[in-house]
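Note that the protein sequences, when read in sequence, are chains Z, Y, X and H. Under our numbering, residues 202 to 460 are what the first sequence spells out, in order. Under our numbering, residues 8 to 248 are what the second sequence spells out, in order. Under our numbering, residues 67 to 285 are what the third sequence spells out, in order. Under our numbering, residues 1251 to 1299 are what the fourth sequence spells out, in order. Backbone N, C-alpha and C define an ideal beta-carbon position, used for all residues, glycine too. These numbers come from a predicted model, not from an experiment.
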Amino acid sequence: MMQRKPANRSDMLVTGLGVLAVVVLTLGIFMAFVYAPTDRDQGDAQRIFYVHVPMAWLAYLAMGVVFIGSVGYMWKRSARMDRLARSSAELGFLFTTLVLITGSIWGRPIWNAWWQWEARLTTTLILWFIFIGYFMVRAYAGDAERGARYAAVLGIIGAIDVPIIHQSVKWWRTLHPEPIVLDTAGPNLPDSMLVTLLVCLAGFTLLYAFLMVLKMQIEWARDVLAERELTALLAPEGNQAERRTVATVSHKVSGAAED
Amino acid sequence: MTGETPYFQIEHVYKRFGTKVALRDVNVTLAAGEAVALLGANGAGKTTLLRTLATLSRPTRGTVMAFGVDAWSARPDVRARIGVVAHQPYVYPELSCTENLVFFATMFGLSNEQTRATEALEQVGLIRRAEDRAATLSRGLLQRLNLARAILHEPAVLVLDEPDTGLDAAGREVLSEIVRSQIAGGGGVVLTTHALEYALELATRVIVLADGRVVLDDERGRVTDDTVAQAIGGGAVMAGR
Amino acid sequence: MRRVWALVWKDLLVEFRGREFLGAMVVFALITIVTLNFAFDLSRGDREAPGAGGLWIAFLFAGMLGLGRSLAVERDRGTLEGLMLCPVDAGTIFLGKFISNVMFIVIVQAVSLPVFYGLYNLPSLRPMVLLIAVIGAIGFAGLGTLFSAVAASSRAREILMPLLLFPLAIPLVIGTVQATTLIFQGDGADAWPWFNLLAAFDVIFVTLSYVLFDLVLEE
Amino acid sequence: MDDNLGYLFAAFAVTWLAIAGYLLYIGQQVKGLRDEVRMLNEGDDSPGV
């Protein structure tokens, strides 16, 4: 196996975040199941709240980061910003999917229906389609650079559109009032529930940060390898007919990729 | 050659499409009064090089300077000073010849669109078909309309991708006249063509591309027909200028 | 600005002579409106809401048809490159395409609204309805022009356009249908909040599309 | 009331399974990249991945 290199700064960051996330999350789960009181009318199903709300928070946070990455890429065409948007979009899609699943599982016993056109849930469903559009635009663009540009456009328009979608769905809902609002979040939460929610929020946010740092490293490594493949391709003696042979050129390229 | 900045100066330009390398370490300069004939077999990278000069395609690596500035960042200014003819016609079949040229004259920001359109039509010998729709023109006449569009705004450089395709004898004469007057007026021309003898007749300099690489780049006087033909066919690397 | 009008003039002339997609858009909208009758029974009961919803489904899908075609035709024929080679910035090309696209959708609406009135006897010719129709067309054409440029140079254009456009246009769909329903039901005085939402949507996304068009058009 | 508990476990299970699945997916990516870097370092001319 490769000899163990002294862990550099980013490796420590990853392991640190990972450990912290695990600790806080286990605490959160424990509190969600045991510490928090059982809701009077919804019973234990209400505890899904401690997973559903953090997921929703991360879905929107991830879209916010995609927005930042997209604006950064549009402004400075920096590959780092594109990586930020790419990584956050992938995580955003994962969390948005989980919001929808946990939302409908929670809704089942309360509305005895799997879906409810509730403002927050509906907006998340539309955000879910925007993420799918984001990946398709990147995949169908034909080449990586164009895909990044198109994705940045969708990232900016999508992120600005989400609050507008939320507002319009909310107004639309007032015309069709639904019996029970899904989550009981808000100031009237008893303290023990609020504390549990905050711990869970912190835990999942750390998880998001951990996955983001990891994902950014993977995307960075991919970009570096693609760069070397390009250099080999353009090298005088390399010709495009054969398959990729990067070895001959690797020494000249700075050792950044080896650590 | 006078010392002022060359029209085009491209250095170490690479262009790749997926795993195919269309241009490999290409260095070309075009100065005032030069008519460069860009020759080479199909797929040698001629069109890619032309599209790079015309600011339609961004090089993967390398620099493209036009009129002394970085072509890509000053695209609108560069495009105002070059006239381009590509494989596909840029004119609208549904519009008449005059309507097409008046439209493009407006887009080029000319004030006297109508007069300029008529002058261009006369220059390419299409004045009789001025009010006919472009769709009714033959391949050769359509190419002349394309040429008229490229010279509307009196560009400094003409970038012509196989402009002679479909032209009859009269059409070729029109093209030669345009190239000659462009050179005489101190402008520049870069054109690709498959008609070897036609190219050698017009060009002041010959560049041969093979497999994305420049294999010959020399004054027209210093090359013979067969050295060029051999370069195109053999793809042997010859020390150019 | 003169160049924007030259672009619009060119688009209208090419379309009226070439009849590439305007005719298809009108026919598509009419057939959708007729199909409404069989989809929801509009003869009795509270038919304002399904009527308005169906009307806007016809407009949006017909619009989608036209938007997708407008830039795709230019790219396939190579004339888009001809436009890019003119010394104009991408925003000017966007404005030209955007305005002609709005006009095409408004033409489709101008034909469909009287037919809708005739078939279903719903007050679709009230001035407020015409106003909402135009406001909706503007917002949809803004985003539509931007994403038709994205789809034109991508694979699977036909799937990409609706998938990109409809999620983003949800506020527009809600706003137009709700406002139209209210106008059908009463004098439409309480439709104004929806009107403000639509106006805000238009301003935000037409401006954004204008700014971002350069990012899309550039090779 | 007891089936409520069932929904609770279902929700948590789905969440953790999805996250675990995602971590596995990321692990695969990291492994793939490590192999490629190792191949590069040994400088052999074996065919690209």
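Report the option in the options whose CA atom is closest to the CA atom of residue i.
i                : options                           : result
G195 of chain Y  : Y:T55, Y:L209, Y:E204 and Y:A238  : Y:L209
H200 of chain Z  : Z:G404, Z:L322 and Z:G343         : Here chain Z covers residues 202 to 460 and nothing more, so residue 200 of chain Z does not appear.
K1281 of chain H : Z:I327, Z:L415 and Z:G270         : Z:L415
L226 of chain X  : X:V239, X:L264, X:P237 and X:L212 : X:L212
I327 of chain Z  : Z:D362, Z:D240, Z:D283 and Z:G265 : Z:D362
I134 of chain Y  : Y:S80, Y:A238 and Y:T105          : Y:T105
R221 of chain X  : Z:A349, Z:A353, Z:G356 and Z:D344 : Z:D344
W230 of chain Y  : Y:L216, Y:G219, Y:D218 and Y:R212 : Residue 230 of chain Y is actually Val in this sequence, not Trp. Cα-wise, what sits closest to V230 of chain Y is Y:R212.
T12 of chain Y   : Y:V20, Y:L46, Y:A73 and Y:T54     : Y:A73
R88 of chain Y   : X:G144, X:G148, X:R143 and X:C152 : X:C152
P96 of chain Y   : Y:A155, Y:V109 and Y:Q121         : Y:A155
F115 of chain Y  : X:L149, X:V172, X:E140 and X:L102 : X:L149
G22 of chain Y   : Y:G50, Y:P66 and Y:L182           : Here the sequence assigns Lys to residue 22 of chain Y, which means Gly is not the residue at that position. Answer by Cα proximity: Y:P66.
S80 of chain Y   : X:L137, X:A138, X:D155 and X:D142 : X:D155
F296 of chain Z  : H:E1292, H:I1269 and H:V1287      : H:I1269
A207 of chain X  : X:E86, X:Y276, X:V243 and X:V168  : X:V168
M264 of chain Z  : Z:P238, Z:A352 and Z:L221         : Z:A352
Taking Cβ-Cβ distances shorter than 9 Å, what residues in chain Y pair up with residue i?
i               : result
L435 of chain Z : Y21, R23, V28, R31, D32, T67 and R68
R221 of chain X : In chain order: nothing, as chain Y lies at least about 14 Å away.
Below 8 Å between beta carbons: does that hold for residue i and residue j?
i                : j                : result
L301 of chain Z  : W318 of chain Z  : no
D225 of chain Y  : T199 of chain Y  : no
A124 of chain Y  : A112 of chain Y  : yes
L234 of chain X  : G359 of chain Z  : yes
A141 of chain Y  : V98 of chain Y   : yes
S369 of chain Z  : P237 of chain X  : yes
L60 of chain Y   : V131 of chain Y  : no
G90 of chain Y   : P162 of chain Y  : yes
L146 of chain X  : G210 of chain X  : no
L299 of chain Z  : T1265 of chain H : yes
V71 of chain Y   : I17 of chain Y   : yes
G205 of chain X  : L264 of chain X  : yes
N1254 of chain H : D245 of chain Z  : yes
At a CB-CB cut-off below 8 Å, which residues of chain X make contact with residue i?
i               : result
S279 of chain Z : Those do not exist, as S279 of chain Z stays about 14 Å from chain X at its closest Cβ, beyond 8 Å.
T7 of chain Y   : Since the first residue shown for chain Y is 8 and the last is 248, residue 7 of chain Y is missing from the structure and cannot be characterised.
M413 of chain Z : The premise fails here: M413 of chain Z is roughly 24 Å from chain X at the closest Cβ pair, so nothing lies under 8 Å.
Quick one: which chain X residues come within Cβ less than 7 Å of residue i?
i               : result
W373 of chain Z : I240 and Q244
List the residues of chain X that residue i touches, going by C-beta distances under 9 Å, in chain order.
i               : result
R86 of chain Y  : M150, L151, C152, P153 and V154
A171 of chain Z : Any question about residue 171 of chain Z goes unanswered here, given that chain Z covers just 202 to 460.
I333 of chain Z : L229 and P233
Taking residue i as the query, report the chain Y residues whose CB atoms sit under 7 Å from its CB, ordered along the chain.
i               : result
L426 of chain Z : In chain order: nothing, as chain Y lies at least about 14 Å away.
R192 of chain X : By Cβ distance, chain Y contributes nothing, its closest Cβ being about 37 Å from R192 of chain X, past 7 Å.
Which chain Z residues are close to residue i, counting only those with a beta carbon under 7 Å from its beta carbon?
i                : result
V272 of chain X  : Simply none; closest approach about 11 Å.
Q1279 of chain H : I419
Using a Cβ cut-off of 7 Å, pull out every chain H residue sitting near residue i, in sequence order please.
i               : result
D245 of chain Z : N1254, L1255 and L1258
A461 of chain Z : Beyond the ends of chain Z as shown, which are 202 and 460, falls residue 461 of chain Z; an answer cannot be given.
Compute every distance between the C-beta of residue i and the non-hydrogen atoms of the ligand GTP, then say whether any falls below 7 Å.
i               : result
R140 of chain Y : The ligand GTP is absent from the structure shown, which contains no ligands of any kind.
What residues of chain Y sit near residue i, judged by a beta carbon separation below 8 Å?
i               : result
L431 of chain Z : R23 and T67
Kindly list, in the order they appear in chain H, the residues whose Cβ is closer than 9 Å to that of residue i.
i               : result
R210 of chain Z : Here the premise fails: no neighbours, minimum Cβ distance about 18 Å.
At 8 Å on the CB atoms, spell out the chain Z contacts of residue i, in chain order.
i                : result
A1270 of chain H : Ordered by position in chain Z, no residue passes the 8 Å Cβ test against A1270 of chain H, which lies about 12 Å from the chain.
V282 of chain X  : R350, Y351 and V354
Cβ closer than 8 Å: which chain H residues qualify as neighbours of residue i?
i               : result
R339 of chain Z : Correct list: empty, because the minimum Cβ distance to chain H is about 17 Å.
Taking Cβ-Cβ distances below 8 Å as the criterion, which residues of the region 294 to 326 of chain Z are in contact with chain H? L295, T298, L299, I302, T303, I306, W307, R309 and P310
Name the residues in the region 132 to 157 of chain X whose C-beta lies less than 9 Å from a C-beta of chain Z; which are they? none
Report the residues of the region 73 to 90 of chain X with a CB closer than 7 Å to any CB of chain Y, ordered along the chain. K76, L79, V80, R83 and G84
Taking contact to mean at least 3 C-beta pairs separated by less than 8 Å, is the region 67 to 76 of chain X in contact with the region 154 to 168 of chain X? yes
Using a Cβ-Cβ cut-off of less than 8 Å, list which residues of the region 344 to 365 of chain Z approach chain X; keep chain order. R347, R350, Y351, A353, V354, L355, I357, I358, G359, I361, D362 and I365
Counting beta carbon pairs with one atom in the region 266 to 273 of chain Z and one in the region 281 to 290 of chain Z, are three or more of them shorter than 8 Å? yes
Does the region 397 to 408 of chain Z come close enough to the region 223 to 238 of chain Z that 3 or more CB-CB pairs lie under 8 Å? yes
Quick one: any contact between the region 1266 to 1279 of chain H and the region 181 to 193 of chain X, if contact means 3 or more CB pairs under 8 Å? no
Within 7 Å of chain Z by C-beta, residues of the region 94 to 118 of chain X in sequence order: none
Short-range partners of chain H found in the region 250 to 262 of chain Z, where Cβ spacing is below 8 Å: V252, H253 and M256
Give a yes or no on contact between the region 242 to 253 of chain X and the region 269 to 283 of chain X, applying the rule of three or more CB pairs nearer than 8 Å. no
With a threshold of 8 Å, are at least 3 pairs of Cβ atoms found where one atom belongs to the region 391 to 402 of chain Z and the other to the region 248 to 259 of chain Z? yes
Measuring CB atoms only, is the region 92 to 104 of chain X touching the region 116 to 131 of chain X, in the sense that at least three cross pairs come out at less than 8 Å? yes
Is the region 258 to 267 of chain Z touching the region 419 to 435 of chain Z, taking contact as three or more C-beta pairs under 8 Å? no
Cβ pair count under 8 Å reaching 3, the region 42 to 49 of chain Y against the region 212 to 222 of chain Y: yes
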